[in-house]
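Read in order, the letters of the sequence shown are residues -32 to -1, 1 to 423 in mature numbering (1 follows the signal peptide of the UniProt record, and there is no 0).
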Amino acid sequence: MAVRDSASRPTTRFALATLALATGLLCNTAQAQTQGAETLHAQIETRAKAVEKQLIAWRRDIHQHPELGNYETRTAKLVADQLRKLGMEVKTGVAKTGVVGVLKGGKPGPVVALRADMDALPVKERVDVPFASKAKGQYLGKEVDVMHACGHDTHVAILMATAEVLAGMKDQLPGTVKFIFQPAEESPADFEPNGSNTWGAKQMVSEGVLDNPKVDAIFGLHVSSGIESGKLGWRSGPSMAAADQFWIDVKGRQTHGARPWGGIDPIVVASQIVMGLQTIQSRQVNAMLEPSVITVGTIHGGNRMNIVPEKVEMMGTVRTYDEGMKKDIHARMKRTTEAIATSAGAEASFRVVELYNATINQPALTEKMAPTLQRVAGEGNWMITPKATASEDFSFYQEKVPGLFFNLGVTPKGQDVTKAPSNHSPEFYVDEPALINGVRALSSLTVDYMVMAQR
Ligand SMILES: [Zn+2]
Ligand SMILES: [Zn+2]
């Protein structure tokens, strides 16, 4: 109707002209951005190659000097020295031993955080490399052997090298990068489930690591034995499980083992509880929503074959991917435990402590950044990974800001990844040529996120 109105013609023409101009401008801007991104990508490739030797040297040095959760002082110093050398503003002692470096790009833009965890595990290394760990540490009050059996040594080295790459091109960066080196991903070395000390990520978030400047998106990676060297893997949405710890105490009444009717047998009650708990996942919760796992890991009671003991104590873990389902499972576990005990005239208590939240890759961010990971990995070198029942404290960042956590394969090509010693094994092995892909991926995610934010 408006087209027939002669009075509107000039306006229409003007509108069309404006539209054409705007489209042209948009195209030009998009083109310029694509060209800008390509220049930055080329720089990442050159700079990553240049830092590779140093990356491997850092990794070996850190590997040879592993430190347990909240005791990563040597590692933290190495990191802080490197970030300062690159001219960054550096904060140390965050969440005990954490280090945060801020790199301000030459152009305005979003704040991208990159995270590496620094802690090692109480494991005695059995890998035959010249830089194998002989380190010792204190774990839960006992002296233990220490090893980077989860590969966090590679995460630190990769992020140090990424800092080197991005700092070298900082004038062209349209945004700010926050480098987060956190302690105690595996838990503090003196961790108590009911104590005040907590995971490195949780502590860093509570100390404001995602503020000043406020982080818009966070990226992190984990090396994995389950993927061939250099390949990248990720999935959208829930990707790693929430992990909780539970305790069940069953109180019966002690009596002679030959006359069980004279008491209340907590061993039989505990056995029924163990079996009852397994019906929650298989019979009670919606199996189509998300998977879940309940494992009773310890069961202690009694000290002699012919005595029905007074009590049985059990401990275990629950793995879930959905917050509502998690709470529902906890409630069902409590009900099952107490009702089974009551049915036998015993008493039972159920207690649960939530340790890690589920690692949830924000779908919108994952979709936006997947082409970057695909480009970096190359054809046939990336995959959508299945959900893992392991847990990650990266989840505590993702609870506050959009985050994407992905895997980098480190099992040498030609080996069966299903049989390779897994992360946490004393034989966990890292194929070092894979590591450069971690640097390329983190640098490219940062640059692409920033360039996309300009549109
Ligand atoms: Zn681990
Ligand atoms: Zn780990």
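Think of the CB as a built atom: it goes at the ideal place given N, C-alpha and C, for glycine as much as any other residue.
* Which residue or residues does DSSP assign as beta-bridge partners of T266? -> M283
* Kindly indicate which residue of N271, Q240, D49, P401 has the alpha-carbon position closest to the one of S311. => Q240
* To do: Verify the contact flag: Q391, CB atom, against every heavy atom of ligand 2, threshold strictly below 7 Å.
  => Checking the sequence, you will find Asn at residue 391 rather than Gln. Within the cutoff, so yes.
* Do you know whose CA, among K102, I248, G105, lies nearest I262's CA? -> I248
* Tell me which same chain residues have a C-beta within less than 8 Å of the C-beta of R300, skipping the five on either side of it? -> I248, Q252, V253
* Asked: Taking buried to mean at least 16 other C-beta atoms within 10 Å of its own C-beta, is I404 buried or exposed?
  -> buried
* In terms of residue numbering, what span does the alpha helix (DSSP H) encompassing P339 cover? -> 331 to 345
* Going by DSSP, which residues form a beta bridge with F318? -> I216
* What residues does ligand 2 have around it, judged by CB closer than 6 Å to any heavy atom, in chain order? -> C118, H120, E153, H190
* Asked: Is P156 buried or exposed, if buried means 16 or more other CB atoms sit within 10 Å of its CB?
  -> buried
* Asked: Near V419, what residues of its chain come up, given a Cβ to Cβ distance below 8 Å and the 5 sequence neighbours on each side ignored?
  -> Q1, G4, A5, L8, P142
* Between the C-alpha atoms of L413 and T340, what's the straight-line distance to the nearest angstrom? -> 6 Å
* **Status (buried if at least 16 other CB within 10 Å, exposed otherwise) for I297** => buried
* Asked: Leaving out the 5 sequence neighbours to the left and right, which residues in its chain are closer than 6 Å to T334 when beta-carbon positions are compared?
  -> S204, L372
* Asked: Taking the Cβ atom as the reference point for each residue, do M172 and I148 lie within a distance shorter than 8 Å?
  -> yes
* To do: Please report how far the alpha carbon of V183 lies from the alpha carbon of A209, in whole angstroms.
  => 24 Å
* Determine the burial state of D139: buried for a count of at least 16 other Cβ atoms within 10 Å of its Cβ, exposed for fewer. => exposed
* **C-beta atoms of V70 and V62 nearer than 8 Å** => no
* To do: Assuming A117 and V91 form a contact by the criterion Cβ under 8 Å, report the distance between their Cβ atoms to the nearest whole angstrom.
  => 4 Å
* To do: Please say whether Y289 and P259 have beta carbons closer to each other than 8 Å?
  => yes
* Can you list, in chain order, the residues of its chain whose CB lies under 7 Å from that of G74, leaving out five sequence neighbours each side? -> K138, D139, Q140, L141
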